[in-house]
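Written below as structure tokens is the structure these notes are about.
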DNA sequence: GGCAACATGTAACTTGTTACATGATTCC
DNA sequence: GGAATCATGTAACAAGTTACATGTTGCC
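Residue numbers (our numbering), protein chains in the order written: chain D, 47 to 223; chain U, 47 to 223.
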């Protein structure tokens, strides 16, 4: 159910096309929700059927036409309703960590390479978050919606830093083996 | 694909029934992989078909019979192969955090209650991890398999602590709003 | 000429969730 | 008498992944 809400949440910011949403998921809400463009297009269809978003096509010369989706009043009501419902356990899945659970059967050098890759990914996320913070939040007057995003962004920064630290420790331990 | 491997990883410890696995997922590997018992039973059927586990029924008086699954040589080979493959991006989904992304439309008091629930869940995870550490790892001689598990467990402890800290901060910010 | 970005989608498949179903034993 | 634990499963549905499909503009 919650992909629908994640999309609605994004659309409270501004009307967006499926393509915009897919990129937006990677850039901002992607810290706590991921979705591929196929999923997003499918879900947008359902949201339109339920009247939670309104879609209109915008002609563009050269490029293909965009279909821009706007959240409706019913969509906003749905968000408020959702806010009062209890949450599912956050889902978290990490293959790399699972591999450490059977170290005896693993190729240790391969794991080290994979750790390096993972650490780099977290570093690039971290610098991305820092850039977003500087650009859109630091020293700006913020409304309630923006403040919520800033809170989550700051948590994202903390949690990326912790991940990098923990993975570096793991790498050292693996090397000392 | 990786649920199969998560199950195999658990079975490197000792042969287990579907029921054992479901509980084990919650207690230990659950930090980085979750699965319901329905998923586990379905996947065990596939693993048996591929010859990666062997299953035999054990009669019990009173209780229903258990079907105990043991990892085979092919299963161990599959794990080693897996260890050399690159990992997917870890998947992470959190409804509660998503809600902060559209604060304007949310019921703030409801969110505070949900934050309290979440913090308690992390606290109970943390104390569970501490107990496991004391009981099975502290002051013990460990083989390579156990060392890997300890590494991950220590990461789990760190990351629960960070979560609790971050969520408390979030709660304060929400109250100051 | 080739690749990336823009832009939307379908089809087939695998995973994950929810609800249902059975039935004994133990504890309160 | 009722709930929890032990133990295994099916069926239906929702969510997520992978591969395919199309066609333009702009950059190197």
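In this text, a Cβ means the ideal position worked out from N, Cα and C, and glycines have one as well.
- Helix, strand or coil for residue 138/U per DSSP? In this structure, residue 138/U counts as strand in the three-state DSSP scheme.
- Residues near residue 163/U in its chain [Cβ-Cβ closer than 7 Å; skip 5 each side]: Excluding the 5 residues flanking it on each side, residue 163/U has no same chain C-beta neighbour closer than 7 Å.
- Task: Could you list which residues in chain D have their beta carbon closer than 8 Å to that of residue 180/U, in chain order?
- Result: Near residue 180/U there are no residues of chain D at all, since even the closest Cβ is about 19 Å away, more than 8 Å.
- Would you please state the rounded distance, in angstroms, between the beta carbons of residue 55/D and residue 143/U? I believe it to be under 8 Å. With a contact defined as Cβ atoms closer than 8 Å, residue 55/D and residue 143/U miss out at about 10 Å.
- Item | Bridge partner(s) assigned by DSSP for residue 105/U | Per DSSP, residue 105/U has no beta-bridge partner at all.
- Query: Among 116/U, 73/U and 211/U, which has the Cα closest to the Cα of residue 94/U?
  - Reply: The closest CA to that of residue 94/U, considering only 116/U, 73/U and 211/U, is found on 116/U.
- How many angstroms separate the CA atom of residue 210/U from the CA atom of residue 168/U? When rounded, the separation of the alpha-carbon atoms in residue 210/U and residue 168/U is 6 Å.
- Query: Counting only beta-carbon atoms, is residue 60/U nearer than 8 Å to chain D?
  - Reply: No Cβ of chain D is located within less than 8 Å of the beta carbon of residue 60/U.
- Message: Within 8 Å, do at least three Cβ pairs link the stretch 148-163 of chain D to the stretch 145-161 of chain U?
- Response: Short answer: they don't touch.
- Query: Which residue from 183/D, 194/D, 222/D and 170/D puts its Cα closest to that of residue 193/U?
  - Reply: For residue 193/U, the closest C-alpha among the options 183/D, 194/D, 222/D and 170/D is that of 222/D.
- residue 50/D: which of 98/D, 214/D, 136/D and 60/D sits nearest, CA to CA? Comparing C-alpha distances from residue 50/D to each of 98/D, 214/D, 136/D and 60/D shows the shortest one belongs to 98/D.
- First and last residue of the uninterrupted beta strand (DSSP E) at residue 117/D: Unbroken beta strand (DSSP E) run through residue 117/D: 112-117.
- Query: From residue 91/U to residue 170/D, what does the alpha carbon distance come to, in whole angstroms?
  - Reply: Each residue's Cα considered, the two are about 40 Å apart.
- Message: Suppose you measure from the CA of residue 155/D to the CA of residue 218/D; what does that come to, to the nearest Å?
- Response: The alpha-carbon separation between residue 155/D and residue 218/D amounts to approximately 13 Å.
- Query: Got a sec, what are the start and stop residues for the alpha helix (DSSP H) residue 152/U sits in?
  - Reply: Note, residue 152/U: premise wrong, no alpha helix (DSSP H); not H, not E.
- Message: With DSSP as the reference, identify every bridge partner of residue 62/U, one or two as the case may be.
- Response: 115/U, per the DSSP bridge assignment.
- For residue 62/U, the nearest candidate out of 136/U, 118/U, 48/U and 212/U (CA to CA): For residue 62/U, the closest of 136/U, 118/U, 48/U and 212/U by C-alpha to C-alpha distance is 118/U.
- Item | Supposed contact pair residue 139/D and residue 137/U - C-beta distance, whole angstroms, cut 8 Å | About 5 Å separates the two Cβ atoms, so the contact holds.
- Would you call residue 135/D buried or exposed, if buried means 16 or more other Cβ atoms sit within 10 Å of its Cβ? Label assigned to residue 135/D: exposed.
- Task: Indicate whether at least one CB of chain D lies closer than 8 Å to the CB of residue 55/U.
- Result: Yes, contact with chain D.
- Please work out which residues of its chain come closer than 7 Å, Cβ to Cβ, to residue 175/D, disregarding the five sequence neighbours upstream and downstream, and give them in chain order. In chain order, 199, 202, 203 and 206 place their CB closer than 7 Å to the CB of residue 175/D, counting only its own chain and leaving out the 5 sequence neighbours on each side.
- How many angstroms separate the CA atom of residue 181/U from the CA atom of residue 74/D? Roughly 41 Å separates the two Cα atoms.
- Task: Check distances from the C-beta atoms of the stretch 119-138 of chain U to those of chain D and list, in chain order, the residues that come in under 7 Å.
- Result: Listed by position along the chain: 122, 125, 126, 129, 130, 132, 133, 134, 136, 137 and 138.
- Message: Please list, in chain order, the chain U residues whose beta carbon lies closer than 7 Å to that of residue 86/D.
- Response: Within chain U, not a single residue places a beta-carbon under 7 Å from that of residue 86/D; the smallest gap is close to 15 Å.
- Message: Taking its Cβ as the centre, do 16 or more other Cβ atoms sit within 10 Å of residue 173/D, making it buried, or is it exposed?
- Response: Counting every other CB atom within 10 Å of its CB across the protein chains shown gives residue 173/D a total below 16, marking it as exposed.
- Establish whether the CB of residue 100/D and some CB of chain U are separated by less than 8 Å. For residue 100/D, the nearest beta carbon of chain U is not closer than 8 Å to its own beta carbon.
- Query: Which of the residues in the stretch 159-183 of chain U, read from start to end, lie with their CB under 8 Å from any CB of chain D?
  - Reply: From the stretch 159-183 of chain U, only 160, 163, 164 and 167 have a Cβ closer than 8 Å to chain D.
- Item | Buried or exposed by the 16-neighbour rule on C-beta atoms within 10 Å, applied to residue 105/D | By the 10 Å Cβ count, residue 105/D comes out exposed.
- Task: Taking C-beta pairs closer than 9 Å, name the residues in chain U that residue 198/D reaches, listed in chain order.
- Result: From the beta-carbon of residue 198/D, the residues of chain U found nearer than 9 Å are 143, 144, 146, 147 and 216.
- Message: Looking at chain D, is there any beta carbon in it that lies within less than 8 Å of the beta carbon of residue 95/U?
- Response: Taking Cβ atoms only, chain D never reaches closer than 8 Å to residue 95/U, which makes this a no.
- Task: Name the residue from 133/U, 208/U, 79/U and 179/U whose alpha carbon lies nearest to the alpha carbon of residue 157/D.
- Result: Nearest of 133/U, 208/U, 79/U and 179/U to residue 157/D, Cα basis: 133/U.
- Query: What distance in whole Å lies between the Cβ atoms of residue 191/D and residue 58/D, which are believed to be in contact at a cut-off of 8 Å?
  - Reply: Going by Cβ atoms, the distance from residue 58/D to residue 191/D rounds to 7 Å, so yes, they are a contact pair.
- Output yes or no for whether 8 Å exceeds the beta carbon distance between residue 277/U and residue 165/U. No information on residue 277/U is available, as it lies outside the stretch 47 to 223 that chain U covers here.
- Query: How long is the line joining the alpha carbons of residue 121/U and residue 53/U, rounded to whole angstroms?
  - Reply: Approximately 10 Å, taken between the alpha carbons.
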